Amino acid sequence: MFDYFLLYQDWGPLILRVTLGVLFMLHGYPKLFTPVRVGFGGWLESIGIRPGKFWALVVGVVEFFGGAALILGVFIELAALLIAIDMLVAMIKVKWGQVKVIEMERMGWELDLIYFVAAVSLLFSGPGAYALGQYLLLGY
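Following the UniProt record's numbering, the numbering of the sequence shown begins with 1 at its first residue and continues without gaps.
This is how it looks when you write it as structure tokens:
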């Protein structure tokens with residue numbers, strides 16, 4: 001019954017890459033190109049991640065350019081690894097012990113976990129069939 005979908009299995013990594021890439025570009029953009037960066041750096045300092053301005057820049061670069069790499073299908077393993085680390089730090093430093101996995105009153109860490117698992121999935125699976133990297137001789 002579901003064998004029909006096997007004809008389109010190459011689309012799975014593409015859909016995952018593009019969706020995750022767009023979401024991370026949207027998260028990274030304000031951290032790089034708007035005044036949010038200064039506030040984000042201060043917030044990082046307040047939770048013990050120092051120097052806050054430096055790590056705010058690193059997070060912005062990872063999220064924005066990592067997201068762009070996912071969309072284009074280049075440097076997938078590097079982008080996925082850095083995004084997975086970004087989400088792991090977010091879960092441990094921001095959410096762990098403060099909120100449950102799922103809470104009705106406020107955001108739990110289920111979304112961070114989904115982002116983490118999606119990035120790890122791409123790290124293990126690679127970019128899939130429709131990736132610019134395979135046409136640029138990047139080893140795909």
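Idealized CB from N, CA, C, for every residue including glycine. Fair warning: this is a prediction, and the values are worked out from it, not measured in the lab.
Span of the alpha helix (DSSP H) around residue i
i: residue 13; result: 11–33
Straight-line gap, residue i to residue j (C-alpha atoms, nearest Å)
i: residue 46; j: residue 6; result: 49 Å
i: residue 15; j: residue 33; result: 27 Å
i: residue 38; j: residue 92; result: 22 Å
i: residue 21; j: residue 114; result: 14 Å
i: residue 68; j: residue 56; result: 18 Å
i: residue 71; j: residue 112; result: 19 Å
Distance between beta carbons of residue j and residue i, contact taken as under 8 Å
i: residue 35; j: residue 76; result: Not quite, the Cβ-Cβ distance comes to about 32 Å (not below 8 Å), so this is no contact.
i: residue 10; j: residue 130; result: 7 Å
i: residue 95; j: residue 63; result: About 17 Å separates the two Cβ atoms, so there is no contact after all.
i: residue 24; j: residue 66; result: 6 Å
Environment of residue i [buried if 16+ CB atoms lie within 10 Å]
i: residue 117; result: exposed
i: residue 87; result: buried
i: residue 13; result: buried
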